[in-house]
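Everything in the first sequence is counted per my numbering, starting at 12 for the first residue and increasing by one.
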Amino acid sequence: MPEGPELHLASLYVNKMCKGVVFTGTVRKSDVSKSADVPFTCEAFRITATSRGKEVKLTLTPMKSDDAKKSVKAGHADQPMEIVFRFGMSGFFRFTAEDALPKHAHLRFYSKETPCRVLSFVDARRFGSWHPNGTWQPDRGPCIMFEYEGFREKIVSHLSDRAFDRPICEVLLNQKYFNGIGNYLRAEILFRLNIPPFVPARTVLEGLKSEDVLENKKMVKIEITDTKTSDGVKQKPVKGETGDLLRLCHTVPLEVVNLGGKGYDPEKADYSDFKAWLQCYYVDGMKSIRDHNGRTMWFKGDPGPMAPKDSKSPKAKKRAKKEDDHDYTEKKKVARKSSASTPKKNVVKKETVTKTPKKETDAHSKEAVSKRRKAREVNTPRHEQRSAPRGKKSSSNAEPPAGPQRRSERVTRQNSK
DNA sequence: CGTCCACGTCTAC
DNA sequence: TAGACCTGGACGG
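Structure follows, in structure tokens:
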């Protein structure tokens, strides 16, 4: 669950779940994790969290012990410790019963209750990391969501930086300036403003001011119900009401935070709300090509002048069977509650997890994996279909009404060119 | 069974 | 500017 909004939601999750909970003992790490041990042991401590861009910081605070003096046992902390986490591609926090630890719970904090509960940092791919006594990573810029002024100021005052020579879609992933923006956010943001992804970043950013013009003006809603104007001249409704690119780098992520739930996390049922929120990323009918770093850029319309020459373009989806397909358009509307929410989760995962005495927890030897994936040449669209929340039985009957069907534009691919 | 793909950094040629 | 680092889900055969 890793872009700015998910990291922030993770911090809210920790604060909510751990409120009033007393933790005790030593912080434990799985054997397979390469991150550092967390040298913190304490009879009683609390845990709180904060986020900044794509990082989360946990603060472990020792509680005052009753027996003053003598309270600090040897090796037991009496001062707070801060741990900074990065989530990689799959990190998240979960608070569960001790006998229900999630698979891949690589760092764990045990409560003093009985039965004991555990706050776990779960990370299947282990691209994430944590840093005991760490600080916010120095090279990362201000948070796009909660340090908006600083974020804006840093960019407008550094436009001469060579970093802005690149296409805007690639610069949006530069955490030195856009701390919190990730692959789905860059697609959604550029899509909202209809900015071709491969246009030089400086071109779209120069001219923007430190102060957000909208800050002063009344926040206008975007509801343009009445399309026709008295003289029939209609102009782009967007401009001036949604704000400029930098402002959207702030407001769009906040929309995800406000969706609540877990944002980009298929685990939960409310993942459907997130999917309904997406207007471009992984959406049927949108185009996608790999940027210069091999990351898939989703967009609509003109790719822009700096688009990778050859560029392989994956994806083309078409849609066929499969449950939900209803509307993808911008109407979204947070979907209805879908009466049959059904918590399900009938399938119990196998035990697994660190508890195993064996040292080798993970399967797969290291060497075995050194595959190389060339096969660059061909860039044919591979899969189709977007996944569906697992477990859902998909009542595919329905049948899409011939209504507002979205004609897929078929990816540029294979087109002469 | 195998291939491709994924919300992100990191560091070595 | 390529890999490296990882697991697992969706698909294809």
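Glycine included, each C-beta is placed from N, C-alpha and C at the ideal position.
CA nearest to the CA of residue i, picked from the options
i      : options                           : result
ALA47  : HIS169, GLU17 and VAL95           : VAL95
ALA198 : ASP255, LEU184, TYR188 and PHE104 : LEU184
PHE209 : ALA318, ILE192, VAL32 and TYR24   : ALA318
GLU164 : LYS187, PRO143 and GLN148         : LYS187
ASP70  : PHE34, GLY86, ASN194 and SER76    : The amino acid occupying residue 70 in the given sequence is Thr; Asp does not appear at that position. Comparing Cα positions, the closest option is PHE34.
VAL83  : TRP141, CYS260, ALA174 and THR52  : THR52
GLY315 : TYR292, LEU23, LEU219 and VAL215  : VAL215
LEU204 : GLY312, ALA21, ASP302 and VAL267  : GLY312
ASP223 : THR107, THR37 and LEU259          : LEU259
MET156 : VAL294, VAL267 and HIS261         : HIS261
PHE138 : HIS87, PHE98 and GLY152           : PHE98
ASN144 : ARG177, PHE175, THR72 and GLY152  : THR72
ASP176 : PHE202, CYS154, ARG213 and ILE200 : ARG213
ALA287 : ALA88, GLU266 and LYS320          : GLU266
PHE202 : PHE310, VAL38, ASP321 and ASP42   : PHE310
ILE200 : GLY86, GLU17, PRO264 and GLY305   : PRO264
ALA21  : GLY254, GLY86, ASP89 and GLY271   : GLY271
GLU17  : ARG301, HIS303, TYR195 and PRO178 : TYR195
THR107 : VAL25, GLN148 and CYS154          : VAL25
PHE285 : VAL268, ASP42 and ASN304          : VAL268
GLY305 : LYS320, TRP147 and ASP295         : LYS320
GLY254 : TYR282, LEU289 and LYS220         : LYS220
VAL38  : HIS87, TRP147 and TYR293          : HIS87
GLY36  : ASP42, ALA85, LEU23 and HIS19     : ALA85
Per DSSP, cross-strand counterpart(s) of residue i
i      : result
PHE157 : DSSP output for PHE157 lists no bridge partner at all.
VAL129 : THR107 and TYR121
GLY193 : Paired residues: none, contrary to the question.
THR37  : THR52
ALA116 : VAL133
GLY102 : ASP134
Endpoints, the beta strand (DSSP E) within which residue i is located
i      : result
HIS309 : The amino acid at residue 309 is misidentified as His; the sequence shows Trp. Note, TRP309: beta strand (DSSP E), 307-310.
ILE179 : Careful: ILE179 lies outside any beta strand (DSSP E), inside the alpha helix (DSSP H) at 179-182.
GLU66  : 66-73
ILE300 : 298-301
ARG97  : 92-97
Supposed contact pair residue j and residue i - C-beta distance, whole angstroms, cut 8 Å
i      : j      : result
MET74  : ARG63  : Rounded, the Cβ-Cβ distance is 26 Å, inconsistent with contact.
ALA60  : LYS68  : 7 Å
VAL129 : GLU109 : 5 Å
ILE206 : LEU256 : 7 Å
MET308 : CYS180 : 5 Å
LYS65  : GLY191 : 6 Å
GLY152 : PHE189 : 7 Å
PRO178 : ASP302 : 7 Å
Continuous alpha helix (DSSP H) stretch holding residue i: start and end
i      : result
ARG63  : From DSSP, ARG63 is part of no alpha helix (DSSP H) but of the beta strand (DSSP E) over 52-63.
TYR24  : 15-28
TRP141 : Unbroken run through TRP141 is the beta strand (DSSP E), 140-143; no alpha helix (DSSP H).
SER283 : 282-288
GLU266 : 256-270
THR214 : 212-216
Exercise. So does the stretch 32-50 actually touch the stretch 114-130, counting three or more Cβ pairs closer than 8 Å?
Worked result: Under the Cβ criterion (8 Å, minimum of three pairs), the stretch 32-50 counts as touching the stretch 114-130.
Exercise. Using 8 Å as the Cβ pair cut-off and three pairs as the minimum, do the stretch 134-148 and the stretch 168-176 touch?
Worked result: No, the stretch 134-148 does not touch the stretch 168-176.
Problem set entry | Cβ pair count under 8 Å reaching 3, the stretch 87-104 against the stretch 121-129 | Contact annotation: the stretch 87-104 does not touch the stretch 121-129, with fewer than three C-beta pairs closer than 8 Å.
Problem set entry | Three-pair Cβ contact test at 8 Å for the stretch 107-114 versus the stretch 19-37 | Segments in contact, no.
Problem set entry | Cβ contact check for the stretch 13-24 and the stretch 98-109: 3 or more pairs under 8 Å | Because the criterion of three Cβ pairs below 8 Å is met, the stretch 13-24 and the stretch 98-109 touch.
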